[in-house]
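K.L.:
Numbering (our numbering), first residue to last: 57 to 229. All C-beta atoms in this analysis are idealised placements derived from N, C-alpha and C, irrespective of residue type, glycine included. Keep in mind the model is a prediction, meaning the values are calculated, not measured. Below: one structure in structure tokens.
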């Protein structure tokens with residue numbers, strides 16, 4: 057995307073709510089992430105024309121754009137959560153012990169994507185915006201078991217506000 061001239065990327069995902077104050081269909085602005093996927097997408101030969109060998113990851117998600125999303129949410133009357141996203145590989149939902157670990161590490165949401173894309177975009181010098189749709193309370197946060205059907209239902213409940221938010225943010229970029 058950088059080679060095509062893209063300067064800012066918006067990465068979205070469906071995530072489990074680790075933070076007990078989050079509810080299914082909440083939207084969370086990602087302020088930082090924890091990579092527990094067991095791999096780094098930047099391993100291998102570096103393309104110096106794209107990015108430096110050891111990129112700074114101290115602000116993957118641009119604070120300027122975090123503020124823009126929050127302001128846009130306020131203007132639209134969309135309540136937004138904000139927090140740290142933790143990535144695991146999946147394709148299974150997390151165990152209650154993994155969710156307790158995520159909470160102990162400072163995560164607010166957990167999922168199976170986003171982090172590799174964000175790391176590569178940051179390495180390439182792009183601005184990164186991350187938004188999670190909280191589609192379920194993670195295992196152990198809720199006493200109810202997890203199902204893909206519940207995740208789809210929560211995503212469908214959030215889709216209109218999610219779409220509206222992203223479209224309005226794009227207009228302001």
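Rounded to whole angstroms, what's the CA-CA distance from residue 206 to residue 94? Just pull it up for me.
P.N.:
The sequence position of residue 206 within the chain shown is 150, counting from 1. The sequence position of residue 94 within the chain shown is 38, counting from 1. Distance between the alpha carbons of residue 206 and residue 94: 28 Å.
K.L.:
Go ahead and pull the three-state DSSP assignment for residue 195.
P.N.:
Along the chain shown, read from residue 1 onward, the residue named residue 195 stands at position 139. Correct three-state label for residue 195: strand.
K.L.:
Do the region 83 to 101 and the region 192 to 205 meet, that is, are 3 or more Cβ pairs less than 8 Å apart?
P.N.:
Judged by Cβ distances under 8 Å, the region 83 to 101 makes no contact with the region 192 to 205, as fewer than three pairs qualify.
K.L.:
Does the region 156 to 166 come within contact of the region 104 to 114, defined as at least 3 CB pairs closer than 8 Å?
P.N.:
Touching, no, given that fewer than three Cβ pairs across the two stretches are closer than 8 Å.
K.L.:
Could you tell me the distance, in whole angstroms, from the CA atom of residue 125 to the CA atom of residue 103?
P.N.:
Locating residue 125 in the chain shown gives position 69, where the first residue counts as 1. Locating residue 103 in the chain shown gives position 47, where the first residue counts as 1. Those two C-alpha atoms are separated by around 32 Å.
K.L.:
Would you grab the beta carbon distance between residue 221 and residue 129 for me? Rounded to a whole angstrom, and I think it's under 8 Å.
P.N.:
Numbered from its first residue, the chain shown carries residue 221 at position 165. Numbered from its first residue, the chain shown carries residue 129 at position 73. Right, the Cβ-Cβ distance comes to about 6 Å (below 8 Å), so this counts as a contact.
K.L.:
Note down the Cα distance separating residue 214 from residue 106, rounded to an integer number of angstroms.
P.N.:
Against the chain shown, residue 214 aligns to sequence position 158. Against the chain shown, residue 106 aligns to sequence position 50. If I take the Cα positions, the gap works out to 35 Å.
K.L.:
Using C-beta distances below 8 Å, list every residue in its chain close to residue 199, excluding the 5 sequence neighbours before and after it, in chain order.
P.N.:
Numbered from its first residue, the chain shown carries residue 199 at position 143. None.
K.L.:
Please report the straight-line C-alpha distance between residue 225 and residue 172, rounded to a whole angstrom.
P.N.:
Taking the first residue of the chain shown as position 1, residue 225 is located at position 169. Taking the first residue of the chain shown as position 1, residue 172 is located at position 116. Taking the straight line joining both Cα atoms gives about 23 Å.
K.L.:
Cα-Cα, which of 63, 76, 67 and 58 is closest to residue 158?
P.N.:
Sequence index remark: in the chain shown, residue 158 carries index 102 (1-based). Nearest of 63, 76, 67 and 58 to residue 158, Cα basis: 76.
K.L.:
Count the other CB atoms within 10 Å of the CB of residue 69; is the residue buried (16 or more) or exposed (fewer)?
P.N.:
Numbered from its first residue, the chain shown carries residue 69 at position 13. By the neighbour-count rule (16 or more Cβ atoms within 10 Å), residue 69 is buried.
K.L.:
With respect to the beta strand (DSSP E) encompassing residue 143, which residues constitute its N-terminal and C-terminal limits?
P.N.:
Walking along the chain shown from the start, residue 143 turns up at place 87. 136 to 143 is the extent of the beta strand (DSSP E) around residue 143.
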